[in-house]
Amino acid sequence: SAVISQKPSRDICQRGTSLTIQCQVDSQVTMMFWYRQQPGQSLTLIATANQGSEATYESGFVIDKFPISRPNLTFSTLTVSNMSPEDSSIYLCSVGLAGFQFFGPGTRLTVL
Amino acid sequence: DQQVKQNSPSLSVQEGRISILNCDYTNSMFDYFLWYKKYPAEGPTFLISISSIKDKNEDGRFTVFLNKSAKHLSLHIVPSQPGDSAVYFCAAGTGTASKLTFGTGTRLQVTL
């Protein structure tokens, strides 16, 4: 398995601002994923972040809104830009390892 | 288009009895299925998986059944324990290292 930490664990932000969420893994992994879980909904994949290449975004998600960095094999960031109340969600990173995906604890974001 | 569906948003079971959580999928390309358990304020935790070459996988109290012709899988927990109370997500992918599509979750409550 992998130990994954996320910072911050929660935040309350004002409309129009941006927040960067950090994801740290205790081992080197090739594939990292960012998910969003809106209130009462399922987990939705935002993008796949592979080291050394541009992130691959899913339908409905764009780089300008959710820029992602992957500077090395143990770390990634997701920025939620120009936030609106609709961005209030739990944001989770996960890593693909040995055929499974392991998840971080999530970042609970509230946008006022 | 919800490719993975969990039609029961909640389920209540008495301690010691069997819990059966169901999941249906529509994409015939899915060949790898997983169940995750999620407690509040935590990330999803991997529980058990099954590949499409099998129709059953067992791990202790947890058994997953796959019916490919019906595009249906189920998770059986027996005997159910109060610590099993959580939200359960089924997820599907193509290949073991691929991105996952999640269902909407079923909240299981195990009562004394």
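Protein chains in written order, with my numbering: chain U, 1 to 112; chain P, 1001 to 1112. The beta carbon of each residue, even a glycine, is placed where N, CA and C say it ideally should be. Just so it is clear, the structure is predicted and the values come from calculations on it, not from any experiment.
Item                                                                                                       : Value
Proximal chain U residues relative to F1089/P, where beta-carbon distance stays under 8 Å                  : S42, L43
Chain-ordered neighbours of L92/U on chain P, where CB pairs are closer than 7 Å                           : G1043
Reduced DSSP secondary structure (H/G/I, E/B, other) of D87/U                                              : helix
Neighbourhood of G1105/P by C-beta, 8 Å cutoff - its chain only, sequence neighbours within 5 removed      : Q1006, P1009, K1038, V1087, Y1088, F1089
Through-space distance from P85/U to G99/U, alpha-carbon basis                                             : 35 Å
DSSP beta-bridge partners of K1056/P                                                                       : F1065/P
Beta-carbon proximity check, L1066/P vs I1050/P, cutoff 7 Å                                                : yes
Minimum C-alpha distance to S27/U - residue among V80/U, L109/U, S94/U, R108/U                             : S94/U
V1110/P beta carbon less than 7 Å from that of P1082/P                                                     : yes
Length of the line joining the Cα atoms of G40/U and V1004/P                                               : 16 Å
Anticipated Cβ contact below 8 Å, V3/U with L97/U, distance rounded                                        : 11 Å between Cβ atoms; not a contact.
Buried versus exposed call for A1041/P [16 or more other C-beta atoms within 10 Å across all chains shown] : exposed
Beta-carbon proximity of S76/U to V111/U, cut-off 7 Å                                                      : no
Assumed close pair S5/U, F102/U - CB separation to whole angstroms, cut-off 8 Å                            : With a Cβ gap of about 12 Å, S5/U and F102/U do not count as contacting.
Closest residue to K1071/P among V1013/P, R1017/P, Q1002/P, D1024/P (Cα-Cα distance)                       : D1024/P
Interface residues of chain U facing S1049/P [CB-CB closer than 9 Å]                                       : G99, F100
Chain U contact residues for T1104/P, given Cβ-Cβ distances below 9 Å                                      : G40, Q41, S42
Status (buried if at least 16 other CB within 10 Å, exposed otherwise) for K1099/P                         : buried
Minimum Cβ-Cβ distance from T110/U to chain P less than 7 Å                                                : no
F1033/P and L1073/P closer than 7 Å at C-beta                                                              : yes
Inter-residue Cα distance where the pair is S1019/P and K1068/P                                            : 21 Å
Within 7 Å, strictly: CB atoms of P105/U and G1016/P                                                       : no
Any C-beta of chain U under 7 Å from that of K1005/P                                                       : no
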